Every structure is written in structure tokens, then in C-alpha cells.
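First up is the structure itself, then whatever we jot down about it.
Chains as they are written, first to last, in the working numbering: chain R, 829 to 1358; chain F, 6 to 113; chain E, 19 to 106.
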């Protein structure tokens, strides 16, 4: 029972190899068996160790703590493990109709699960680098799975830009290793406090945060995300946008807990704000259904970063809760978008009409997702946004920024929801697998709306102060926000001015993105020296 | 002196990445940068200019063996990423007929 | 042209900061793991080449996943290069 973290990494990998070697369509059902076994093992490990309030460390090979590689599990990594097994189960249910005979696809998908569970548990800096590179390579192969021109172009851009980011990670790693003598994250966090003012540690921190910023789509360097997430097949879009982009944010949390550089926390707050605003502006101008959702992912990651930037207190907990809630409703929305594209065959929202009449169940679940992302008081998006707002109480400017972001989210989702109205010219179509997984996700959204705060308190062992969840004040302020958003939409966005056309057609090519990465590192250097 | 020269090669690689308009040139610049990072690792691990870390009967100062072991992994990762990127660029050339970044990204 | 000049200015400032940090950090160097590997490497792993001892004994977990990168990339390249007969 004490070697469960190692089993969690290697069971999906061995399952993937068995599926690939025996090219049989009955053996492909082993994926579901694998998910069940992983869930039971993770649950039992969680129960046996009393909810993992203190951390549990496994030293691989039995070597000394600062010499070998260690795997660490605490409450944060366990909750990410549960979330990832659940999302993988939903993705498998969603795509089972099309891919149940395709053992190559399942080979790559299961291998990705094994290495992702390894990324969540590692406690060593170089091991984190190897896992992030494997996740990048397998994601590239899955993005180009359809092998048409748009997918291969986007996959190439994604692969090259993430490799450039990881090169900077290595330079930061060697600067830190020289001064701390070890590569274990716990040991480094004990030797850092006496070295925090040296130039080498600050420069190492800047390079590593630059690399993690590439992976988690911060403000100037998010350009790979809309191309990659909209070119992938539908089930891989779900996985990328709800889970794999959170791996960068997970590494960000771990590295900030290791370094604890307090002078950068204000910088991250404003960086999150700029990420969110630029995501909203670009989302307002797009017409492709998946590009709107991809830019919405960028905007929500900006919101998560605004919550996480204080690394302590209520806003930090709100940021972590928003990671989980965002995974749920973004997966729901991407699944609905995939079903719509499969039935209609076109991707522009100005031409898709009458979804409500033609795919009634899908559209009901998608409406639950849209209400949840804009923050309706019964569903789960509202709770995490309220906790973030509660954590930033007293700063009038920061509350104003949060309100602008919520307003912007409502505007482009009103633009998105014009696909539901109108007439449909063909009869209804049935997709049982898609609807089943979407039903499970929508019900989780509704359940988490009421039980999110007790769950978070029980899981992480903290005390959230009394936050009143369902009052009429919140409902009325939500309706006022929807009203303002509708007015702005009618006056400004629907007319499709020339500036929106120009924003829609800007393409940032590869050399400009690298220039922006160098500028990002330069701005961080200026901030640290002021 | 040596780590500074290796870092100049890294910066030359990054300058090439930020100004190259051809896909193959970008891939070669990534390769140059990764090789220069390997050089930085090996240089910064050997501040005392000792001998190679193989145990013989003499007692001499030796260099740090850990960055050398990490660099074996890094070289393999760099080579495989170059191979995958070259394969993908061959496929884009079949589809789009051009190897220029701006033309390829602009064409739908 | 202005973009290139700006780029060279930023890269020069990064270079100056890097060399300053290397020169100033010479008194903070920590060689805990280096002395551990050189003094106990032969006794614990049994190999005279300490780099091999680290790569295959202390850090075997990294080496397993690096070998699996080779597996993934080779199978991915073979998969991408096969031609579907629908797209010609």
C-alpha cells in the first residue's frame, strides 16, 4: 500500500502497451478497467493516510533525501490526481464511439495519463523537466492525429515554441544547482532563505518562471494556445483545455512554494489581469466556435493567476477552487462544441442556428456550462469567483478589475449563445456517448454549486470564513451584470466594426512570439531590479 | 570565462530564433541553443578544473559528475524533438508548398 | 530594423546580468551532492565510472522515462509518415 504512487504512474503505461500489442477490439475495454483500478487505488491510499494533511514522501531506491529522486503526495496533488482520473474517464466515454477500434489512439492517450500522473507527484526539478517534455511530445502527436494541413501547422508551432520555453528552464536549473548543491525541491526550499538576495537565484527564478509562463499561457506568450486547441480533434481539445494547461499552473504553484519570492506577487496579479483582458478582446472578435472557447480558456487562466498571486489566504484557495471548476465546465463546453461540429459540419457561429431544436439534450447541458462560467449563483463558477473576490476585499481597484473580467466573460458568451436560437432544418440526431459524459459533467457542476465550500474545507483542512452563497443580492447583481453585457453586445459587438475584423485576422508568427518571450524575461528583470 | 562564452552562443541562438523566417532555420537555431545549454552545464559544474570522475588508484580532484549525467538525457530529448519537428515540417511542405512562417500561418 | 536593435539591446542586458551573477556567486558555491557522489559513489553502486553510477542507479527513474521518450517519438514518426489514401 505504500508504493501506490508508483502504481499510479505505471498502470496506465502498461495498459497502453498491452492495448497496442494485442490489436483486438475487446482488449480495448481494458482502458475502463484501468480507470477503475486507478480510482480504487487512489481512494484507498487517501483513506489509509488520514486524508494526507501532512505530506507523504517516497524515496525511490532508498537513497538519501537530497541525492535520489523523491515522489511527494499531499492534499493538493491528491486532489489533482482525482480530477485527472475523472476527466480521463469522461474523455474516454465521449470518444468511445469513434475510437473504440483505434488502438494507436488509445496507446498514446493512456501513455499520456501515466506521465501526467507522474508530473503531479514528482519532487525533483530535473524530473519535472523530463515529465513536461514527455507531455509536450505526446500532446503534439495527438494534436496532429487527423493529419490535415491546419492540424499539422498548429502542432509544429506548439512543439517548437514549448521546446524554446524549456531551454530557458534548463538555464535556470543550472544557476540554482550551483548555489544549492541539490536538486530536491524540499532541500532547496530550506537553503533558499539565506540566498534570496543573490543575483544568481533571482536570475534562475526569472528564467524558470519564463519557461512555466510558456507552458501555462501567460500574457505575451499565449499564442500557441488558440491554434493548438482549435486544431485538435474534439476529445483531445477537451483534454488539453481542461487539464494539460493546468499542468503549467501546478508547476507554478510548486515552484512558488519552493522559492517564496515575495517581490513578484504584485507582478503576477497584473500579469493575470492583462492575460484576462487580452483573452476577452480576442474572444469578442472571433467567429470560429473553438477559437472563442480557446480564448476563453486564456481569460480564465488569467483569473486563476489573479487569485493565486498572493500565495496565501482566501484568494489563493479561490484560485485553486477555480482550477477545478474551470476544468469541469470547460470540458463540458468543448464536448458540446465537438458534438455541434460533428452534426453540422461547419464551425462559424454566424452560420450555425437552431441547436436547441436539433440537439436538445446537448444544448441543455451546454446552457448549464455557459451559466456556470458566467457565475450564476446556483452553480460552481460563482463560488470560486466569490472566494477570490472575498480574498481581495479592501482593495477597490482590484475588485473593479474582477468585475470588468466577469462582465467581459458574459459578453462573449452572449455572443456564443446565439447558436441556440432559430430554426433547424433536419431532424434530431442521437449521440448517446456524448450525452452521457456531458450529463455527468453537468450534474457535477450543479452538485459542486452547493457543496463546494464544505468539500474544500474538508479536503484541504482549512477554514473558510462565512461566505453566504445564495442570497437575493447575488442573484440581482448577476442579472444586472447580464443586462449590461447584453446592452454592450448589442451596441458594440454585433455591428462587427473594422477593428474587430483586424483583430480577428492578426497572426503572430513564430519569430514575433520568440521576440515576445525575450521581452517577457526582460520585463521581469526590470521588475526585480527596481 | 568558459560559461560566459557558452552563454554568448545561447544568445546567438535566441537571436536567430527571433529573426528567422524559414522553418528549417528555426529548427537549426533550436538545435544550436540546446547544444550551447549542454556546454553551459558542463562548464558550470567544473569550477575547479579537476579530472574526469572515474575512480582509479590516484587521489586527484575531480569534476562534478551530476551535470554530465543530466546532459545525457537532455541531448536525447533535443535530438528527438528535432526529429519530430523535421517530420512535421516535411508534412507542412507537402500541404502548403512553402517553408516560410508568415506565408504558412497566413494561408488558411 | 528597430526591432533588431531592440532585440540586441535586450539580449545584451541579459548577458550582463548573467555574467555579473556568475562572478558574484563564487563565494556561495555549495558542493554537497558533488562530495557525496565522489566519496560514496563507488562504495554504494559498485561502478568505477561515477557518471554511469548516477545515470543508472541514483537517477534510474529519469532514465526509464527518457527511454520511453524514444519509444513514443519513433512510434509517432512512423504514425505520422504513413499516408492515408483518402488524402492525396
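All C-beta atoms in this analysis are idealised placements derived from N, C-alpha and C, irrespective of residue type, glycine included. Fair warning: this is a prediction, and the values are worked out from it, not measured in the lab.
Check, Outcome
"Sufficient close CB pairs (3 or more, under 8 angstroms) joining the region 1349 to 1356 of chain R to the region 25 to 41 of chain E", "yes"
"Residue-chain proximity (residue 1330 of chain R, chain F), Cβ-Cβ < 7 angstroms", "no"
"Cross-chain neighbours of residue 49 of chain F in chain R, by beta carbon under 9 angstroms", "1002, 1003, 1005 and 1006"
"Closer than 7 angstroms to chain R by CB, residue 38 of chain E", "yes"
"Buried/exposed call for residue 106 of chain E, threshold 16 Cβ in 10 Å", "Residue confidence for residue 106 of chain E is low, a pLDDT of 46 falling below 50, so the modelled location carries little weight and cannot support an answer."
"Host beta strand (DSSP E) of residue 886 of chain R (start-end)", "884 to 887"
"Bridge partners - residue 67 of chain F, DSSP secondary structure assignment", "F/56"
"Runs of beta strand (DSSP E) wholly within the region 851 to 913 of chain R (minimum 3 residues, chain order)", "884 to 887 and 898 to 901"
"Beta-carbon proximity check, residue 1079 of chain R vs residue 1117 of chain R, cutoff 7 angstroms", "no"
"Short CB-CB distance (under 7 angstroms) between residue 1060 of chain R and chain E", "no"
"Whole-angstrom distance between residue 66 of chain E and residue 1052 of chain R, CA atom to CA atom", "46 angstroms"
"DSSP state of residue 930 of chain R mapped onto helix, strand, coil", "coil"
"Any C-beta of chain F under 7 angstroms from that of residue 106 of chain E", "Because residue 106 of chain E carries a pLDDT of 46, less than 50, the predicted location of this residue cannot be relied on, and the following value inherits that uncertainty. With 7 angstroms as the cut-off, residue 106 of chain E does not count as an interface residue toward chain F."
"C-beta contact flag for residue 1126 of chain R and residue 1028 of chain R at 7 angstroms", "no"
"Cβ shell of residue 920 of chain R (< 8 angstroms), same chain only, five flanking positions each side left out", "859, 860, 863 and 937"
"9 angstroms Cβ cut-off: residues of chain E touching residue 894 of chain R", "50, 51 and 54"
"Residue 91 of chain E versus residue 965 of chain R: straight-line alpha-carbon distance, rounded", "8 angstroms"
"Min CB distance residue 29 of chain E to chain F below 7 angstroms", "yes"
"Between the CA atoms of residue 1135 of chain R and residue 44 of chain E - distance to the nearest angstrom", "38 angstroms"
"Alpha carbon of residue 902 of chain R to alpha carbon of residue 1054 of chain R, nearest angstrom", "33 angstroms"
"Counted within 10 angstroms of its Cβ, other Cβ atoms place residue 77 of chain E as buried (16 or more) or exposed", "buried"
"Residues of the region 1026 to 1039 of chain R whose Cβ lies closer than 7 angstroms to any Cβ of chain E, in chain order", "1026, 1027, 1028 and 1031"
"Within 7 angstroms of chain F by C-beta, residues of the region 88 to 103 of chain E in sequence order", "88, 91, 94, 95, 98 and 99"
"Reference residue 1208 of chain R, options R/1169, R/1328, R/1261 and R/1282, closest by Cα", "R/1282"
"Test: residue 16 of chain F CB closer than 7 angstroms to a CB of chain E", "yes"
"Per DSSP, the bridge partner or partners of residue 950 of chain R", "R/899"
"Status (buried if at least 16 other CB within 10 Å, exposed otherwise) for residue 1280 of chain R", "buried"
"9 angstroms Cβ cut-off: residues of chain F touching residue 78 of chain E", "Result: empty, since nearest Cβ-Cβ is about 11 angstroms, beyond 9 angstroms."
"DSSP-derived helix/strand/coil call for residue 1176 of chain R", "strand"
"Contact check, residue 960 of chain R vs residue 1060 of chain R, beta carbons under 7 angstroms", "no"
"Residue interval of the alpha helix (DSSP H) (run including residue 992 of chain R)", "977 to 1008"
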